[in-house]
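Line order of the protein sequences matches chains A and B.
Letter by letter, the first sequence follows residues 1 to 286 in this note's numbering.
Letter by letter, the second sequence follows residues 287 to 527 in this note's numbering.
Think of the CB as a built atom: it goes at the ideal place given N, C-alpha and C, for glycine as much as any other residue.
Right, one structure below, let's go through it.
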Amino acid sequence: MSVTDTTTSASAPTEDAEEAARYRRDRRMKVARWMLPSLVLVVTVLAWHLYVTLWEVPHYILPGPVLVAQSLIEDWGLLYPALLITGRLTLLALLFAVIGGVTLAVAFTQSKWAEMSFFPYAVILQVTPVVAIAPLLQIYVENAFVAALLCAWIVAFFPILSNTTIGLKSTDHNLEDLFTIYGATRWQRLRYLAAPSALPYFLGGLKIAGGLALIGAVVAEFVIGRAGTGLGLASTLLEASYRFNFGRLYAALIMISCMGVVIFAVMSLISYLALFRWHESALKRE
Amino acid sequence: MSAAPALHLSGRATIAGGPIFGPLDLDVPAGEWTCLLGPSGVGKSTVLRLLAGLGGALAFDGTATAGDGRPLTGRVALMAQQDLLMPWLDATANVCLGAVLRGDAAQRTRARALLERVGLADHVRKRPQALSGGQRQRVALARTLMEDRPVVLLDEPFSALDARARALMQDLSAEVLAGRTVLHVTHDAAEAARLGQTVLLMTCSGITAIEVPQTPAPRRFDAPETLAFQGHLLRQLMETQ
């Protein structure tokens with residue numbers, strides 16, 4: 001590098017060039033964020049297709065992507081109602097998980113006695129594998145849909161309970177003092193101080209619970225079967241495996257995955273919309 | 287605002303058996319700005335907390351009363367080093383918080399006017415995150431004015447600000463809080479020298495009043511009397527142990 005080069009580096013045009021370079025880099029990153037995963041997908045599907053056709057893999061071992069796509073279209077009349085059933089079970093479980101988790105968290109933080117009495121049992125309920133509980137639910141709960149719902153609810157509610165409890169407890173002590181000086185009532189403390197403080201924690205729990213509700217719903221369909229819920233996606237998947245209809249099995253599997261992704265995306269959006277104006281997690285650094 | 291009362295505190299405080307401050311007597315004159323100056327760890331903030339009714343886990347053996355004999359509850363406002371703003375509320379809503387909790391009708395117009403008075407007319411809709419440290423303390427000051435309490439307790443509210451913002455904030459506070467009984471806890475001799483109409487030095491052995499210059503507070507930061515007084519206060523701080 002010559003001397004003249006270094007002397008010009010501080011001048012305005014170079015800064016503009018640097019800015020332009022940064023802009024180009026940002027754009028490249030933006031495109032790459034979409035392009036790279038799409039590329040991976042295309043390559044994987046292509047490799048899958050080639051492997052299945054070149055090695056002549058029988059469809060009951062691994063169906064090719066074309067067959068799966070075909071099943072997805074041809075069986076849509078069967079798969080779409082199944083999607084609605086699994087979706088309804090998942091969303092209801094999530095809804096009750098939110099109601100139950102938040103109510104219990106409020107009860108736990110308002111009363112030490114309630115927390116001491118019930119928290120261990122909430123933990124036991126969470127750590128016992130739901131697959132082990134589900135057959136029992138089927139026996140003791142007469143209505144099979146309620147049994148399936150309970151099954152999904154058990155899995156989904158704990159992260160909401162646990163996160164919301166931590167959130168309600170982690171109110172800034174200095175703000176507590178301010179509310180004391182204001183002479184705020186217990187209810188006002190909860191409504192105006194503890195609840196907004198707990199919101200980011202609750203939303204973190206909600207994100208986890210959304211995915212878990214779907215897992216719970218799938219487990220419920222597997223164990224309790226179509227008796228309770230009708231033919232959901234997981235029941236469809238199971239049935240297709242009995243019939244060696246692997247195209248449909250994969251189609252159902254893909255739809256379950258897509259549903260999980262959509263649930264996660266919606267929860268992330270809710271979280272962003274609730275927090276982007278004030279919470280650290282959603283603010284851009286300047 | 288009702289008439290500003292004098293404040294008296296006497297006694298000793300302990301926490302879990304360990305002493306926080308020994309037996310002491312504090313007299314804060316009514317309607318004046320009193321600086322309670324002292325090194326860290328002598329229990330200055332504890333004195334404030336006791337007057338604010340935030341005793342908590344403290345064991346306090348003594349009395350904290352107002353000069354007019356009525357209870358202090360509901361007549362005290364507090365500004366601390368942290369601005370104590372709710373991060374999820376914008377500046378106006380933060381100023382209105384006390385009114386909302388009391389069930390008063392929304393007083394947004396009055397809140398806006400107070401924010402304007404502390405120089406934040408352009409920032410009324412911003413959340414604390416979008417404001418600078420100095421601006422946040424201005425919001426806290428507007429909130430204190432909104433509460434309109436006759437007794438204002440200040441716990442090093444300016445210590446996190448840069449020198450310029452601090453000087454501006456000191457002038458503004460002295461202006462808008464005039465006439466109230468202000469007890470200002472600080473470890474900064476320069477601050478006490480500028481603002482104190484009464485200056486009390488708090489050490490482990492108790493509280494002593496220090497004679498203040500004739501010039502009215504707030505004193506100019508670069509006036510020779512202010513600087514001399516600052517030096518005097520600092521010397522007092524250095525000599526105590």
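Step through the CB atoms of chain D and report whether any lies within less than 9 angstroms of the CB of residue i.
i	result
Gly339/B	No chain D appears in the structure shown, which is made up of the protein chains A and B.
Give me the residue from the options with the minimum Cα distance to residue i.
i	options	result
Pro129/A	Ser71/A, Phe179/A, Val223/A	Val223/A
Ser288/B	Gln522/B, Leu337/B, Val437/B	Val437/B
Ala343/B	Val471/B, Arg424/B, Thr489/B, Gly303/B	Gly303/B
Phe307/B	Thr349/B, Gly492/B, Phe515/B	Gly492/B
Thr199/A	Gly167/A, Val106/A, Gly247/A	One point to set straight first is that residue 199/A is Leu, not Thr, in the sequence displayed. Ranking Gly167/A, Val106/A, Gly247/A by Cα distance to Leu199/A puts Gly167/A first.
Asp369/B	Ala316/B, Arg424/B, Cys382/B	Arg424/B
His173/A	Leu481/B, Ala290/B, Leu340/B, Pro305/B	Leu340/B
Thr484/B	Ala316/B, Thr300/B, Phe444/B, Pro305/B	Ala316/B
Ala345/B	Leu322/B, Pro309/B, Leu358/B, Ala352/B	Pro309/B
Asp441/B	Leu334/B, Arg298/B, Leu312/B, Pro291/B	Leu334/B
Ala479/B	Ala509/B, Arg450/B, Thr467/B, Ser296/B	Ala509/B
Pro504/B	Ala290/B, Ser296/B, Gly297/B, Thr320/B	Thr320/B
Leu190/A	Leu54/A, Met29/A, Val102/A	Val102/A
Gly301/A	Val131/A, Ala156/A, Arg186/A, Thr185/A	Absent from the structure is residue 301/A, since the part of chain A shown begins at 1 and ends at 286.
List, in chain order, every chain B residue whose beta-carbon is nearer than 8 angstroms to that of residue i.
i	result
Ala184/A	Leu387
Leu175/A	Leu370, Met372
Leu178/A	Leu364, Leu370
Applying a beta-carbon distance threshold of less than 8 angstroms, which residues of chain A neighbour residue i?
i	result
Gln500/B	Result: empty, since nearest Cβ-Cβ is about 35 angstroms, beyond 8 angstroms.
Skipping 5 residues on each side, what residues in its chain have a beta carbon closer than 8 angstroms to that of residue i?
i	result
Asp376/B	Val410, Arg411, Lys412, Arg413
Ser326/B	His473
Thr6/A	Note that Thr6/A scores 44 on pLDDT, short of 50, meaning its location in the model is unreliable and no value can be drawn from it.
Val266/A	Gly210
Met365/B	Gln423, Ala426, Leu427, Thr430, Val438, Leu439, Leu440, Asp441, Pro443
Flag residue i as yes if its beta-carbon sits less than 9 angstroms from any beta-carbon of chain A, otherwise no.
i	result
Met432/B	no
Arg403/B	no
Pro414/B	yes
Thr300/B	no
Thr332/B	no
Thr359/B	yes
Arg422/B	no
Arg356/B	no
Arg521/B	no
Using a C-beta to C-beta distance shorter than 7 angstroms, which residues of chain A count as neighbours of residue i?
i	result
Val362/B	Ile181
Ala366/B	Asn174
Gly384/B	Tyr182
Using the beta-carbon count (16 or more within 10 Å), is residue i buried or exposed?
i	result
Asn143/A	exposed
Gln500/B	exposed
Arg435/B	buried
Val404/B	buried
Ala352/B	buried
Glu477/B	buried
Tyr60/A	exposed
Ala17/A	exposed
Ser71/A	buried
Trp374/B	buried
Thr359/B	exposed
Cys258/A	exposed
Using a C-beta to C-beta distance shorter than 9 angstroms, which residues of chain B count as neighbours of residue i?
i	result
Pro196/A	Met372, Pro373, Trp374, Leu375
Trp187/A	In chain order: nothing, as chain B lies at least about 11 angstroms away.
Using a Cβ-Cβ distance cut-off of 9 angstroms, determine whether residue i contacts chain B.
i	result
Leu190/A	no
Met267/A	no
Leu199/A	yes
Leu125/A	no
Kindly list the residues whose CB is nearer than 6 angstroms to the CB of residue i, restricted to its own chain and excluding five residues on each side of it in sequence; keep chain order.
i	result
Leu95/A	none
Trp48/A	Pro65
Leu273/A	none
Ala299/B	Ile306, Phe307, Thr332, Leu344, Phe346
Leu231/A	Ala82
Gln522/B	Leu487
In chain order, what residues of the same chain lie with their CB nearer than 7 angstroms to the CB of residue i, ignoring the 5 residues before and after it?
i	result
Arg506/B	Thr512
Gln516/B	Ala475, Ala476, Ala479
Show which residues of chain B have a CB atom less than 7 angstroms away from the CB atom of residue i.
i	result
Arg277/A	Arg413
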